[in-house]
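Okay, structure first, notes after.
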Amino acid sequence: MEAEIVQQMVTSGASSLAGLMATAAWQQVSSRVSRMFGRGTEDEATSTELEVIRAEVLEAGDDEESLADQTAVLRTRLRRLFREHPEAAGELREILAEFTPQQEPGSTYVYNTISGGNNGDVIQAGTINTVQR
80 MEAEIVQQMV
90 TSGASSLAGL
100 MATAAWQQVS
110 SRVSRMFGRG
120 TEDEATSTEL
130 EVIRAEVLEA
140 GDDEESLADQ
150 TAVLRTRLRR
160 LFREHPEAAG
170 ELREILAEFT
180 PQQEPGSTYV
190 YNTISGGNNG
200 DVIQAGTINT
210 VQR
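Add 79 to the 1-based position in the sequence shown for the numbering used here, that's all there is to it.
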């Protein structure tokens with residue numbers, strides 16, 4: 080794999096994983112990510128490390144610097160993984176294709192992540208226009 084492509088996969092993969100960690104989808108994908116990093120086995124140490132990173136991502140909230148720190152941790156892990164096991168890039172691509180929304184060219188998506196003491200009440204203001212296809 081070319082160095083530029085690997086670097087792009089590392090960067091986008093780390094950002095995508097950090098984004099997934101902040102969603103409910105993480106519960107479905109976490110075991111697959113753990114097996115990817117553990118090379119086929121979901122060991123407790125890998126799962127625990129990923130959950131620590133996830134807790135930091137959730138705690139970061141709007142703190143861009145804290146989120147960037149956790150994304151950097153994931154980048155380092157991915158870089159090492161791809162260097163030792165280049166086939167893992169394909170595994171990550173499959174996981175992300177399944178669990179991250181595919182955006183059509185020219186379209187805009189809005190995602191809301193709500194965390195913290197909202198007691199289950201959420202109010203969103205504004206207008207959302209949709210186009211029927």
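Virtual Cβ for every residue (Gly too), placed ideally from N, Cα, C.
Taking a C-beta distance under 7 angstroms as the contact criterion, Met88 and Val136 do not qualify as a contact pair. Going by DSSP, Gly92 is part of the alpha helix (DSSP H) stretching over 82-100. For Arg159, the uninterrupted alpha helix (DSSP H) segment begins and ends at 143-163. Secondary structure of Ala124 (DSSP, three-state): helix.
In this structure, DSSP gives Gly117 a state outside helix and strand, which the three-state scheme calls coil.
With a cutoff of 7 angstroms on beta-carbon distance, Ser113 and Thr125 are scored as near each other.
Judged by DSSP in its simplified three-state form, Glu170 adopts helix. Shown here, Ala104 sits in coil according to DSSP, grouped into three states, outside any helix or strand. In chain order, Ser145, Leu146 place their CB closer than 6 angstroms to the CB of Ala139, counting only its own chain and leaving out the 5 sequence neighbours on each side. Sequence-distant Cβ neighbours of Leu129 in its own chain, meaning closer than 7 angstroms and more than five residues away, are Ser109, Val112, Ser113.
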